[in-house]
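In our numbering, the protein residues as written are 3 to 169.
C-beta: ideal position from N, C-alpha, C; glycine also.
Nothing here was measured: the structure is a model prediction, and the numbers come from that model.
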């Protein structure tokens, strides 16, 4: 068995619960040796998109950086409201897309290991933030990513504010 059917199932569930994630349109599994199988998952392309690390590198200051932080906070809020815990939520698993209104939207990627916990639980947001922040600080240390602790606090603040409004 592969995780492809699970990724399709959780992707559809997340979308139904209001979490932005690219639409999975197909998957295929095939043998990879005598006892193993491989899988390819095909998702619909999100136009004008790049991962958050690339987007931050492009927009390292000011208002344009703030829009990236707010979009990421909105994504984390929607995940928390849905109860979606992502054990591999990292800066490369957040996809940033330019929208038609001169803004940006954030999408979560690599959802095959996401599980649903209690919707709206603060522990869900805390766990996702912990994993995300660890990744962001690692990218800053190893790749020189222009993200500061204040940026991470802005993401958390934005998420908490949106969660409060949703309740």
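**Message:** Please report the straight-line C-alpha distance between residue 25 and residue 79, rounded to a whole angstrom.
**Reply:** Annotation: residue 25 to residue 79 spans about 20 angstroms, alpha carbon to alpha carbon.
**Prompt:** Which residue comes first and which comes last in the beta strand (DSSP E) that contains residue 52?
**Reply:** Here the beta strand (DSSP E) through residue 52 covers 51-53.
**Prompt:** Hey, would you say residue 154 sits closer than 7 angstroms to residue 108, going by beta carbons?
**Reply:** Contact: no.
**Item:** For residue 98: DSSP bridge partner residues
**Value:** Bridge partners of residue 98: 52, 108.
**Asked** Does the beta-carbon of residue 75 have 16 or more other beta-carbons within 10 angstroms, so that it is buried, or is it exposed?
**Response** Residue 75 should be labelled buried.
**Request:** Report all residues from its chain with a CB closer than 7 angstroms to the CB of residue 1; omit the five preceding and five following residues, and keep chain order.
**Result:** One cannot answer for residue 1 here, as it falls past the ends of the chain, which runs 3 to 169.
**Asked** Distance, Cα to Cα, residue 84 vs residue 115?
**Response** Looking at the two C-alpha atoms, the distance is approximately 15 angstroms.
**Asked** When you compare each of 12, 39, 29, 16 to residue 3 by their alpha carbons, which one comes out closest?
**Response** Looking only at 12, 39, 29, 16, the smallest Cα-Cα distance to residue 3 is reached by 39.
**Item:** Helix, strand or coil at residue 31 according to DSSP, with G and I counted as helix
**Value:** It is a strand residue.
**Asked** Count the other CB atoms within 10 Å of the CB of residue 81; is the residue buried (16 or more) or exposed (fewer)?
**Response** It counts as buried.
**Request:** Measure the Cβ-Cβ separation of residue 110 and residue 23 and say whether it is below 7 angstroms.
**Result:** Yes, Cβ-Cβ distance for residue 110 and residue 23 is below 7 angstroms.
**Asked** If we cut at 7 angstroms on Cβ distances, does residue 164 have a partner in chain B?
**Response** Included in the structure is just one protein chain, with no chain B present.
**Prompt:** Could you give the distance in angstroms between the alpha-carbon of residue 163 and the alpha-carbon of residue 7?
**Reply:** A straight-line Cα-Cα distance of about 34 angstroms links residue 163 and residue 7.
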